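Asker:
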Amino acid sequence: MDAELRPGVRRAILSMTFLTAVFLAAASGMELCDEADQSCEEVWSMGADAEIDVIPIFTFDMLEDRPAFDLNASSTETIAFNCINESSSAQVQSVATVNDTEKTFHLAASDVDMTLLSYNVVGLPEHGRINGSGPAFTYQPDQGYVGGDSVVIGVYNETGLMQNITIAIDIVSVYHPPSVRIRSPRDGEIFTADAGGIAMVPIRATATGDVAGIQLFDGLTPLDGIRSCESRAANCAVSYIAALRTGLHYLTAVATDSIENCCATDSIENCCAADSIENCCVSPHVAIIVNPAEPQVEITGPSAGQIFNAPADIIITANVKDSREVKSVEFFANGRSLGEALQTESPYSIDWTDVPPGVYRLVAKATDRFGSSYSESVMIVVVPPKPLRKSNLAITMSASPSPAPAGGLFNYVITLTNRGPDSATGVTVEDFLPDELKYVTQDASQGKYNKASGLWNVGGLAKYGSANLVITVKAPSQVPAGRIYNTAYVYGSQNDPDNSNNYATTYIQIKTRGAAEDGLNSSETEA
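If you count by this note's numbering, then the sequence shown holds residues -14 to 512, one letter each, in order.
1. Between Val314 and the rest of its own chain, which residues show a CB-CB distance below 8 Å, the 5 nearest in sequence each way excluded?
2. With three or more C-beta pairs closer than 8 Å as the rule, is the region 168 to 183 touching the region 198 to 209?
3. How long is the line joining the alpha carbons of Pro277 and Val186, rounded to whole angstroms?
4. Quick one, are the C-beta atoms of Asn561 and Leu378 less than 9 Å apart?
5. Taking the beta strand (DSSP E) that Asn105 belongs to, which residues open and close that run?
6. Pull up the DSSP beta-bridge partners for Thr410, would you.
7. Skipping 5 residues on each side, what residues in its chain have a beta carbon closer than 8 Å to that of Pro120?
8. How about Ile226 and Ile299: do their beta carbons lie closer than 9 Å?
9. Is it buried or exposed, Arg498, if we count other Cβ atoms within 10 angstroms and call 16 or more buried?
10. Would Ile128 be called buried (16 or more neighbouring beta carbons within 10 Å of its own) or exposed?
11. Does DSSP put Arg498 in a helix, a strand or coil?
12. Taking the C-alpha atoms as reference points, what is the distance between Thr381 and Ser462?
13. In chain order, which beta strand (DSSP E) runs of at least 3 residues are fully inside the region 155 to 216?
14. Please confirm whether Ile301 and Leu236 have their CB atoms less than 9 Å apart.
15. Would Asp428 be called buried (16 or more neighbouring beta carbons within 10 Å of its own) or exposed?
16. Write down the C-beta distance between Thr413 and Val455 rounded to the nearest angstrom, noting that I regard them as a contact closer than 8 Å.
17. If I measure Cβ to Cβ from Thr338 and keep anything under 7 Å in the same chain, skipping five residues before and after, which residues do I get?
18. How would you call Asp483, buried or exposed, if buried means at least 16 neighbouring beta carbons within 10 angstroms?
19. What do you get for Asn396, buried or exposed, if any count of 16 or more other CB atoms within 10 angstroms of its CB means buried?
20. Nearest-angstrom Cα distance between Ile183 and Arg230?
21. Here's the rule: buried if 16 or more other CB atoms are within 10 angstroms of the residue's CB, otherwise exposed. What is Val271?
22. Could you give the residue range of the beta strand (DSSP E) that holds Thr490?
23. How should Asn142 be labelled, buried or exposed, when 16 other C-beta atoms within 10 angstroms of its C-beta is the threshold for buried?
24. Going straight from the alpha carbon of Phe317 to that of Leu323, what length do you get?
25. Can you give me the Cβ contacts of Ser308 inside the same chain, cut-off strictly under 6 Å, excluding the 5 residues immediately before and after it?
26. Rank Gly286, Glu310, Gly320 and Gly343 by C-alpha distance to the C-alpha of Ala295 and give the top, closest one.
27. Express the C-alpha separation of Pro370 and Thr400 in angstroms, rounding to a whole number.
28. Just to confirm before moving on: does the CB-CB distance between Val165 and Val196 stay below 9 Å?
29. Specify the secondary structure class of Asn453 as computed by DSSP and reduced to three states.
30. What does the Cβ neighbour count give for Glu84, buried or exposed, with the cut at 16 atoms within 10 Å?
31. Starting from the C-beta of Ser331, find all residues in its chain whose C-beta is less than 6 Å away, skip the five residues before and the five after it, and write them out in chain order.
32. Give the DSSP-derived three-state secondary structure of Asn396 in the structure shown.
Okay, structure coming up:
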């Protein structure tokens, strides 16, 4: 057994054998602790004629070739001695601690003259830090260090006599088996793939103990190489974004032992095949599902901004792209269901009849066995029935300045003209401002714009007459992707012989202040 012990362990055993003999020969004192209590101190007093004898008190066992320490016991050791008014040779004593664990030792000294003693560190340790002003000192070994170290402490009495005490410190390695878990995603979590059938799944795993690294697996397939932890890390965390195809996936994390270097294999099925299972840790698997992409649906008719005369008959049509069978396609107007299409493949359509006057946002919803998705909305206008009189109302709109500065103000300028042949009554303009913009104020040449309803009630407009409305809005502080568009519609009580000029759409680019001031005009108008 001795041949197999490490030098630091053999040295500690020899020191203990010698010190035990000294203790039996000269010790006198009181045992303060119960035998089963490992959290208290035992203090002994040693008599000497011309020396300081220091007796360390700690336990030391062996399990195969490793020292075993009770990690629940007190980390404080008491070193007791008598100091007399004569200098003496330096004394060497030993204490032990485990790696990355601080050790506190207490110098329980007394002087025959009953004078007060003082303490000072005169020799610093090479592989750790020492704190304290005496009689209690705390030693903290450097992270990951295993081996020997020492500290020299000077003891002084009031007569000026000094005694140096060398404390030999043995830092031994104690094995902490790794423990690893996948923290995210959660077991049973469901992800949706993109159009290419891939879902980007963020994975995070943590491990404690003597961990060298963590490797992530999808079933038996490594997702990545071993992610290293800091040297002898007590806590380790790794993150990875996995590109997973549709289907069921079993995610597992494997911790590599930093002492035995177990589990350094290419496949999880070979993990620890030749090593003790105690030196390896495989997390419980996390089962997740990647569903196929949601169906893609688009309304193809009517077109955005199209105007109908009440009572209107409108055919709404939509196309759906889906890698699976589509169960249903449902149509909505202003959030109210209009019914489901009867077709079983694209294009899907529904006939909406006797539609009264109003502004409608049309949406299509496609559903398959994995879920549903909605189309972008399409806005249409149904105007009241027209009398025999005719007035050709035309509307234009522009935005200024353009491009608009992010977080700044800009104006929408709406111009309304009656091109005849008759005067117009009940003239109304509808302009629902985009959600990205904030209404500030308005200025109308006649009538008034209501920001809540989005209506500009112009009233009557003479033949060849015109009216103007300026709406001031605030641009978003964050530059949005793409341009912002705004559409305005006009209608009156008379029949309009030309509906093509009854709406206008303006696009504006939002840029940072510097870019907006130096940029070209990015406002475009469709009418």
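Glycine is no exception: its CB is placed at the ideal position from the N, C-alpha and C atoms.
Predicted, not measured: the structure shown is a model, and the values here were computed from it.
Answerer: According to the structure data:
1. Here residue 314 refers to the residue found at position 329 of the sequence shown. Result list for Val314: Val282, Ala303, Val305, Glu325, Ala326, Gln328, Tyr333, Ala349, Lys350, Ala351 and Thr352, in chain order.
2. Segments in contact, no.
3. Walking along the sequence shown from the start, residue 277 turns up at place 292. Walking along the sequence shown from the start, residue 186 turns up at place 201. So the alpha carbons of these two residues sit roughly 14 Å apart.
4. Residue 561 is absent from the model: the chain starts at -14 and stops at 512.
5. Working through the sequence shown from its first residue, we reach residue 105 at position 120. Counted as a single uninterrupted DSSP element, the beta strand (DSSP E) harbouring Asn105 occupies residues Ser103 to Gly108.
6. One-based indexing of the sequence shown puts residue 410 at position 425. Paired residues: none, contrary to the question.
7. Residue 120 sits at position 135 when you count from the first residue of the sequence shown. Sequence-distant Cβ neighbours of Pro120 in its own chain, meaning closer than 8 Å and more than five residues away, are His91, Leu92, Ala93, Ala94, Leu102 and Tyr104.
8. One-based indexing of the sequence shown puts residue 226 at position 241. One-based indexing of the sequence shown puts residue 299 at position 314. No, the Cβ-Cβ distance between Ile226 and Ile299 is not below 9 Å.
9. The count along the sequence shown starts at 1 and reaches residue 498 at position 513. Answer is exposed; the Cβ neighbour count stays below 16.
10. Within the sequence shown, numbered from 1, the residue matching residue 128 stands at position 143. Checking the sequence shown, residue 128 turns out to be Gln, not Ile. Classification of Gln128: exposed, given that the 10 Å Cβ count is below 16.
11. One-based indexing of the sequence shown puts residue 498 at position 513. The answer is helix: DSSP assigns Arg498 an H, G or I state.
12. The residue you call residue 381 lines up with position 396 of the sequence shown. The residue you call residue 462 lines up with position 477 of the sequence shown. Between Thr381 and Ser462, the alpha-carbon positions lie close to 27 Å from each other.
13. 164 to 169, 175 to 177 and 183 to 203
14. Residue 301 sits at position 316 when you count from the first residue of the sequence shown. Residue 236 sits at position 251 when you count from the first residue of the sequence shown. No, they are not a contact pair.
15. Residue mapping note: residue 428 aligns to position 443 of the sequence shown, counting from 1. The residue in question, Asp428, is exposed, as its Cβ has fewer than 16 Cβ neighbours within 10 Å.
16. Residue numbering aside, residue 413 sits at position 428 when the sequence shown is read from its first letter. Residue numbering aside, residue 455 sits at position 470 when the sequence shown is read from its first letter. About 18 Å; that fails the 8 Å criterion.
17. For the purposes of this step, residue 338 is taken as residue 353 along the sequence shown, with counting starting at 1. The answer, listed in chain order, is Asp298.
18. Start at 1 with the first residue of the sequence shown, and residue 483 comes out as number 498. Exposed is the call here.
19. Looking up residue 396 in the sequence shown gives position 411. The residue is buried, with at least 16 neighbouring Cβ atoms inside 10 Å.
20. In the sequence shown, residue 183 corresponds to position 198, counting from 1. In the sequence shown, residue 230 corresponds to position 245, counting from 1. Rounded to the nearest angstrom, the two C-alpha atoms are 5 Å apart.
21. Mapped onto the sequence shown, residue 271 falls at position 286. The residue is buried, with at least 16 neighbouring Cβ atoms inside 10 Å.
22. Counted from its first residue, the sequence shown places residue 490 at position 505. Tyr488 to Ile493 is the span of the beta strand (DSSP E), which, as asked, contains Thr490.
23. Locating residue 142 in the sequence shown gives position 157, where the first residue counts as 1. Buried: at least 16 other Cβ atoms inside 10 Å.
24. In the sequence shown, the residue the question calls residue 317 occupies position 332. In the sequence shown, the residue the question calls residue 323 occupies position 338. Taking the straight line joining both Cα atoms gives about 5 Å.
25. Indexing the sequence shown from 1 puts residue 308 at position 323. These residues qualify, in order along the chain: Pro277.
26. For the purposes of this step, residue 295 is identified with residue 310 of the sequence shown, where counting begins at 1. Comparing Cα positions, the closest option is Gly343.
27. On the sequence shown, residue 400 is found 415 positions in, with the first residue counted as 1. On the sequence shown, residue 370 is found 385 positions in, with the first residue counted as 1. Cα-Cα distance, rounded: 24 Å.
28. On the sequence shown, residue 165 is found 180 positions in, with the first residue counted as 1. On the sequence shown, residue 196 is found 211 positions in, with the first residue counted as 1. The answer is yes: Cβ separation under 9 Å.
29. Position 468 of the sequence shown, counted from the first residue, corresponds to residue 453. The answer is strand: DSSP assigns Asn453 an E or B state.
30. Residue numbering aside, residue 84 sits at position 99 when the sequence shown is read from its first letter. In the sequence on display, residue 84 carries Asn and not Glu. Label assigned to Asn84: buried.
31. Here the question's residue 331 lines up with position 346 in the sequence shown. So the list reads Asn304 and Val305, once near-sequence residues are dropped.
32. Counting from 1 along the sequence shown, the entry for residue 396 is found at position 411. Here Asn396 sits in strand by DSSP.
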